[in-house]
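The working numbering numbers the first residue of the sequence shown as 52 and each following residue consecutively.
Heads up, the beta-carbon is just placed ideally off N, CA and C, and yes, glycines get one too.
As the structure is a prediction and not an experimental result, all values here were calculated from the model.
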Amino acid sequence: MDTILVVNAGSSSLKFEVFAIGDGPRKLLRGQLEGIGTAPRLRIKGSDGQALADQAHAQSDVPDLPTAMRVVGAWLRERHEGRLAAVGHRVVHGGPDYDRPVLIDEEVLTRLERYVPLAPLHQPNNLAPIRAILDRRPDLPQVACFDTSFHREHSQVASHYAIPERFYAEGIRRYGFHGLSYEYVSGKLREVAPQVADGRVVVAHLGSGASMCAIFGGKSIESTLGFTALDGLPMGTRCGQIDPGVILYLLQQRRMTAQEVQELLYKDSGLKGLSGISNDVRMLLQSKDPRAAFALDHFVHRIGLHAGSLAAALGGLDAFVFTAGIGENSPPMRARIAARLAWLGARIDPARNLAGELDVSTPESKVRLLVVPTDEELMVARHTLALLG
Ligand code: AMP
Numbered sequence: 052m053d054t055i056l057v058v059n060a061g062s063s064s065l066k067f068e069v070f071a072i073g074d075g076p077r078k079l080l081r082g083q084l085e086g087i088g089t090a091p092r093l094r095i096k097g098s099d100g101q102a103l104a105d106q107a108h109a110q111s112d113v114p115d116l117p118t119a120m121r122v123v124g125a126w127l128r129e130r131h132e133g134r135l136a137a138v139g140h141r142v143v144h145g146g147p148d149y150d151r152p153v154l155i156d157e158e159v160l161t162r163l164e165r166y167v168p169l170a171p172l173h174q175p176n177n178l179a180p181i182r183a184i185l186d187r188r189p190d191l192p193q194v195a196c197f198d199t200s201f202h203r204e205h206s207q208v209a210s211h212y213a214i215p216e217r218f219y220a221e222g223i224r225r226y227g228f229h230g231l232s233y234e235y236v237s238g239k240l241r242e243v244a245p246q247v248a249d250g251r252v253v254v255a256h257l258g259s260g261a262s263m264c265a266i267f268g269g270k271s272i273e274s275t276l277g278f279t280a281l282d283g284l285p286m287g288t289r290c291g292q293i294d295p296g297v298i299l300y301l302l303q304q305r306r307m308t309a310q311e312v313q314e315l316l317y318k319d320s321g322l323k324g325l326s327g328i329s330n331d332v333r334m335l336l337q338s339k340d341p342r343a344a345f346a347l348d349h350f351v352h353r354i355g356l357h358a359g360s361l362a363a364a365l366g367g368l369d370a371f372v373f374t375a376g377i378g379e380n381s382p383p384m385r386a387r388i389a390a391r392l393a394w395l396g397a398r399i400d401p402a403r404n405l406a407g408e409l410d411v412s413t414p415e416s417k418v419r420l421l422v423v424p425t426d427e428e429l430m431v432a433r434h435t436l437a438l439l440g
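Following this line, the structure appears as structure tokens:
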């Protein structure tokens, strides 16, 4: 059996899935090596949810991502029967060049390394496993799939900031992210809700990272994320849209260093920063602390504002789709967000919402409210398979 390994590497964890390839990719197992460099732990589950591995490692045995990749590779060689035919990687930034997945070679990897300054916290982690595999198995085809690609057809007007043109030429543009998730959901809509798939759709990817995308005719036309993964909605620990004047103030008046500002905006802001309690919506919903309620109020408020601007970009709204951790799993958050869309004619059905049905709107609702679980890894597997024929 030939298989594809899909790798999604973050700063302290390496997520992976293995797919059998035949008519299309079929998920065989999924795993995660988390706590890299601190308390490494490898957990793997089969497609039926059965635990296949749960191994703790010494901190010094898995100090970084390349070693993590080797640990995962060793497990797969030993315990997994398939023949690895290719590896697909989720890569956050395709820069101005890549509007579709690409087969990796030395030249492509060098180009992708040039985008590190555009996504300093994500891109190096995404590229480290690619480099590790390229060094060890140069014969093994590797494909990079980008979170920016789905947004590359945005109009010039949508992708510009109002700063002198030379900065756009240098790559300072509104790229948009979470593209693999949006592409998957947009494709899934054709299957599960064909009546709206070609209409005016806003997809809300609400997870630890959060953004929304305006999709028309199956194509992204606007996104709440821009140059980096900081813009738009407040997220678990990221600030979302903020007046650039605040950053100038922090640098000039508070004399914070650029590094300190980066830490603040990426790691100590958002739901965590506002509540002072947690970045996890489950904990905030359970908490009796008024700061938890306030953080969630702010989150919902900002989603409502951005939904309005995306609906304006679309000239109306036929469907609003909830996806990712919060969107897929939290009926109370869906209800609160839907209430912010009432002015557009959206009406949620409480029983359907609680049951987590595909369509959680009432028959009278002018906007279909849908819950569509995302699958970024499957999207990467499909692209990898398509590219390699
Ligand atoms: P993701 O990044 O898509 O895996 O989403 C992770 C986030 O989803 C977590 O940080 C939680 O805030 C949120 N989440 C997951 N399950 C629930 C739930 N049942 N209710 C509310 N939030 C949830």
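Pick from the options that is closest to residue i, judged by C-alpha positions
| i | options | result |
| --- | --- | --- |
| Phe-197 | Arg-217, Ile-223, Pro-147 | Pro-147 |
| Leu-276 | Val-297, Val-254, Gly-269 | Val-254 |
| Leu-420 | Arg-130, Leu-284, Leu-240 | Leu-240 |
| Gly-258 | Val-69, Ser-381, Ser-416 | Ser-381 |
| Ser-200 | Pro-180, Gly-230, Gly-100 | Gly-230 |
| Ala-102 | Ser-111, Leu-127, Ala-386, Gly-82 | Gly-82 |
| Arg-333 | Ser-111, Pro-285, Ile-377, Ala-406 | Ile-377 |
| Ser-63 | Lys-417, Glu-379, Gln-110, Glu-204 | Gln-110 |
| Asp-156 | Asn-177, Ile-181, Leu-127 | Ile-181 |
| Ala-393 | Val-411, Ala-406, Gly-61, Ser-416 | Ser-416 |
| Met-384 | Asn-177, Asp-186, His-349 | His-349 |
| Pro-34 | Val-167, Val-138, Pro-175, Lys-318 | Because residue 34 is not part of the residues shown, which for the chain are 52 to 440, the question remains open. |
| Arg-203 | Arg-187, Asp-186, Lys-270 | Lys-270 |
| Leu-405 | Glu-379, Gly-396, Glu-427 | Glu-379 |
7 Å Cβ cutoff met for residue i and residue j
| i | j | result |
| --- | --- | --- |
| Leu-438 | Pro-152 | yes |
| Tyr-235 | Thr-425 | yes |
| Ile-452 | Ile-72 | This structure cannot speak to residue 452, because the chain is shown only from 52 to 440. |
| Pro-114 | Gly-97 | no |
| Leu-368 | Ala-346 | no |
| Val-57 | Ala-432 | yes |
| Val-194 | His-173 | no |
| Ile-293 | Val-351 | no |
| Ala-179 | Leu-116 | yes |
| Gly-283 | Gly-291 | yes |
| Leu-84 | Ala-119 | yes |
| Leu-409 | Val-243 | yes |
Inter-residue CB distance, residue i and residue j (contact presumed, cutoff 8 Å)
| i | j | result |
| --- | --- | --- |
| Tyr-233 | His-256 | 7 Å |
| Gly-321 | Thr-288 | 5 Å |
| Ala-370 | Arg-391 | About 16 Å; that fails the 8 Å criterion. |
| Phe-67 | Val-123 | 6 Å |
| Asn-177 | Ala-280 | Wrong, their Cβ atoms sit about 12 Å apart, outside the cutoff. |
| Val-411 | Val-422 | 6 Å |
Chain-order list of residues whose beta-carbon lies under 8 Å from that of residue i (same chain, five-residue window excluded)
| i | result |
| --- | --- |
| Ala-364 | Ala-209, Ala-265, Ile-272, Glu-273 |
| His-211 | Tyr-219, Arg-224, Arg-225 |
| Ala-183 | Leu-116, Pro-117, Met-120, Arg-121 |
| Arg-130 | Leu-103, Ala-104 |
| Phe-278 | Leu-169, Tyr-212, Ile-223, Arg-224, Arg-225, Tyr-226 |
| Arg-162 | Gly-146, Asp-148 |
Close-in-space but distant-in-sequence residues of the same chain around residue i (CB under 6 Å, 5 per side omitted)
| i | result |
| --- | --- |
| Met-52 | Ala-71, Gly-133 |
| Asn-330 | Gly-287, Thr-288, Leu-322, Lys-323 |
| His-108 | Pro-91 |
| Gly-86 | Arg-92 |
| Thr-413 | Arg-398, Asp-400 |
| Ala-343 | Ser-326, Ile-328, Leu-335 |
Same chain only: Cβ atoms within 7 Å of residue i, ignoring 5 sequence neighbours per side
| i | result |
| --- | --- |
| Phe-267 | Arg-251, Leu-365 |
| Leu-361 | Val-253, Met-263, Ala-265, Glu-273 |
| Ile-298 | Val-312 |
| Leu-154 | Pro-192, Val-194, Leu-438 |
| Leu-301 | Met-307, Val-312 |
| Val-247 | Leu-240, Asp-369, Ala-370, Arg-419 |
| Ala-261 | Leu-284, Met-286 |
DSSP beta-bridge partners of residue i
| i | result |
| --- | --- |
| Asn-59 | Lys-66 |
| Cys-196 | Arg-141 |
| Arg-419 | Ala-370 |
| Thr-161 | DSSP, once it has assigned bridges, lists no residue as partnering Thr-161. |
| Thr-54 | Ala-71, Leu-135 |
| Cys-290 | Note: Cys-290 sits in no beta bridge, so no partner. |
| Val-254 | Cys-264, Val-372 |
| Leu-410 | Strictly speaking, residue 410 in this sequence is Asp, with Leu absent from that position. Paired residue(s): Leu-421. |
| Gly-82 | Phe-67, Ile-95 |
| Gln-106 | Leu-93 |
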